[in-house]
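Residue numbers (the numbering used here): 254 to 672.
Don't be surprised by glycine CBs; every beta carbon is placed ideally from N, CA and C.
I have placed the structure first, in the form of structure tokens, so that the comments after it can refer back to it.
Next comes the structure, spelled out in structure tokens:
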């Protein structure tokens with residue numbers, strides 16, 4: 254089936270012969286009627302589009318298999334002659350030949366989570382645009398340094414109200430502030446729904462035991478990946494998320510590793526990179542890993558490498574049903590309490606002395622995390638000393654020795670690059 258917004262072009266393969274079956278409307282009633290005309294042993298293939306998952310959901314109970322395929326895997330884009338009828342016939346031929354690999358079909362819970370996260374992302378972008386428009390209005394009036402730290406907080410809005418501006422700029426700022434207030438309310442509604450789902454999800458709660466990983470990062474990762482057990486190895490998960498480096502090799506020239514492939518979910522990849530920025534500020538093995546890569550390759554490469562390490566860590570935690578071994582329980586408890594408040598839980602009163610007790614516990618946990626970081630550094634140093642003279646780096650011509658652009662900058666900030 255070649256799925257469009259208003260219609261679907263259908264082609265059928267019977268006894269090795271391909272024939273066109275006309276068009277059907279892309280409506281629930283028409284698709285349900287078409288599904289009832291199919292046999293239970295039939296198979297259906299369609300390319301992924303905005304409405305493909307709903308079409309697949311209607312057809313799935315009536316047939317043996319529904320394959321939703323990526324357009325880049327069919328080769329139809331490169332066809333010299335391209336029409337809806339030819340595309341449908343090409344899909345039917347590929348399906349009959351067994352040459353199609355279907356995408357994973359998310360369950361209803363994952364679909365709902367994806368839509369909520371996608372809408373929240375769009376609302377956050379719209380709020381950022383409105384804030385940037387306010388800053389631009391101030392810059393036009395040569396006001397580049399506001400007198401407050403948070404321009405859109407209580408003190409910042411009071412400062413904006415007292416500011417003398419032309420009529421058109423005042424209209425711009427007042428309109429943007431109203432828009433920001435509306436978007437804040439909409440984002441809060443979505444975050445409350447996401448928080449309620451997260452509290453009932455043991456996978457999200459488990460991922461949040463990693464310092465620097467919040468509910469949005471954990472939910473975005475699970476929404477993109479779904480059932481992590483469908484990935485037999487960490488390498489396959491990393492490739493699915495597009496965090497694996499490109500490899501180029503031809504003839505007698507040595508293989509070179511380039512930038513990451515950026516295949517798969519861009520939102521999950523972005524969330525992992527954003528989480529990596531927070532993770533590397535916390536003591537622990539991940540901070541030591543970041544420092545080790547930064548000494549050789551620079552900050553940007555080290556952050557992306559940490560995001561890849563996070564994906565591997567998430568795979569291990571979810572497949573083994575284990576929390577993060579170097580987590581900080583008081584920090585995890587604080588994140589879960591904040592999650593409960595977002596979900597609408599009532600606020601309680603703090604007991605006397607609770608702040609001092611929590612602060613002491615937090616200091617002790619950070620010290621333990623620092624000890625784990627030192628242990629990781631020593632383990633890596635011993636491993637590097639024992640593996641000297643082995644591997645691709647010890648064989649001339651097998652690995653590039655050219656420094657990256659950030660190598661010298663990274664060396665200047667890290668005293669011992671061997672760690």
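Is the segment 616-625 close to the segment 573-585, with three or more CB pairs under 8 Å?
Segments in contact, yes.
Apart from the five residues on each side of it in sequence, which residues of its chain come closer than 7 Å, Cβ to Cβ, to residue 289?
Closer than 7 Å at Cβ, skipping near neighbours: 315.
Cβ distance (whole Å) where residue 387 is taken to contact residue 404 below 8 Å
With a Cβ gap of about 7 Å, residue 387 and residue 404 count as contacting.
Report yes if the CB atom of residue 335 is closer than 8 Å to the CB atom of residue 266, and no otherwise.
Contact check for residue 335 against residue 266 fails: the beta carbons are separated by 8 Å or more.
Does DSSP classify residue 450 as helix, strand or coil?
Residue 450 carries a helical assignment under DSSP once its states are collapsed to helix, strand and coil.
Per DSSP, which one or two residues make a beta bridge with residue 396?
Among the bridge pairs identified by DSSP, residue 396 is matched with none.
With 16 as the cutoff for other CB atoms within 10 Å, does residue 592 come out buried or exposed?
When all chains shown are included, residue 592 counts as buried.
So, do the segment 562-581 and the segment 471-490 have three or more beta carbon pairs nearer to each other than 8 Å?
These segments touch.
Backbone CA spacing between residue 455 and residue 474 [nearest angstrom]
The alpha-carbon of residue 455 is positioned some 14 Å away from that of residue 474.
Taking all protein chains shown into account, do 16 or more other C-beta atoms lie within 10 angstroms of the C-beta of residue 263, making it buried, or fewer, making it exposed?
Flag for residue 263 reads buried.
Exposed or buried, which one is residue 630 when buried takes at least 16 other CB atoms within 10 Å?
It is buried - the Cβ of residue 630 has at least 16 other Cβ atoms within 10 Å.
Are the segment 427-445 and the segment 527-535 touching, with three or more C-beta to C-beta distances below 8 Å?
In this structure the segment 427-445 does not touch the segment 527-535; the number of beta carbon pairs closer than 8 Å is below three.
Considering Cα atoms alone, identify which of 497, 269 and 526 is closest to residue 465.
Nearest of 497, 269 and 526 to residue 465, Cα basis: 526.
For the beta strand (DSSP E) containing residue 510, name the first residue and the last one.
It spans 509-513 - the beta strand (DSSP E) in which residue 510 sits, taken as one unbroken run.
Residue 675 versus residue 390: straight-line alpha-carbon distance, rounded
The chain is shown only over 254 to 672; residue 675 falls outside these bounds and no answer can be derived.
Taking just the CA atoms, how far does residue 435 sit from residue 275?
When rounded, the separation of the alpha-carbon atoms in residue 275 and residue 435 is 46 Å.
Tell me, which residues are paired with residue 414 by DSSP?
Its beta-bridge partners do not exist; DSSP assigns none.
Beta-carbon proximity check, residue 340 vs residue 329, cutoff 8 Å
At the C-beta level, residue 340 and residue 329 come within 8 Å of one another.
Quickly, what does DSSP pair residue 265 with across the bridge? List them, please.
Residue 265 pairs with 272.
Expected contact under 8 Å - CB spacing of residue 439 and residue 595 to nearest Å
With 8 Å as the limit, residue 439 and residue 595 do not qualify as a contact, their Cβ atoms being about 14 Å apart.
Please check the pair residue 366 and residue 476, which I expect to be a contact at CB under 8 Å, by giving their CB distance rounded to whole angstroms.
With 8 Å as the limit, residue 366 and residue 476 qualify as a contact, their Cβ atoms being about 5 Å apart.
If contacts are defined as beta-carbon pairs under 8 Å, then residue 625 and residue 538 qualify, I think. What distance do you get, rounded to the angstrom?
About 6 Å separates the two Cβ atoms, so the contact holds.
Exposed unless 16 or more other CB atoms sit within 10 angstroms - verdict on residue 261
Counting Cβ neighbours within 10 Å, residue 261 comes out buried, since at least 16 surround it.
Is the separation between the beta-carbon of residue 479 and that of residue 495 shorter than 8 Å?
No, the Cβ-Cβ distance between residue 479 and residue 495 is not below 8 Å.
Just reading off the beta strand (DSSP E) that residue 555 is part of, what are its end residues?
Run containing residue 555: none in the beta strand (DSSP E); it sits in the alpha helix (DSSP H), 552-573.
Own chain partners of residue 327 with C-beta closer than 8 Å, once the 5 adjacent residues on each side are dropped:
300, 343, 344, 347 and 353, listed in sequence order.
Pairwise C-alpha distance: residue 573 and residue 317:
Approximately 32 Å, taken between the alpha carbons.
In whole angstroms, give me the CA-to-CA distance for residue 303 and residue 638.
So the alpha carbons of these two residues sit roughly 53 Å apart.
Counting only the same chain and skipping the five closest in sequence on each side, list residues whose C-beta sits under 8 Å from that of residue 509.
If the five residues before and after residue 509 are omitted, its C-beta is found closer than 8 Å to the C-beta atoms of 500, 501, 502 and 653, all from its own chain and listed in chain order.
Hey, out of 350, 612, 333 and 278, whose CA is closest to residue 270's CA?
Among 350, 612, 333 and 278, the Cα nearest to that of residue 270 belongs to 350.
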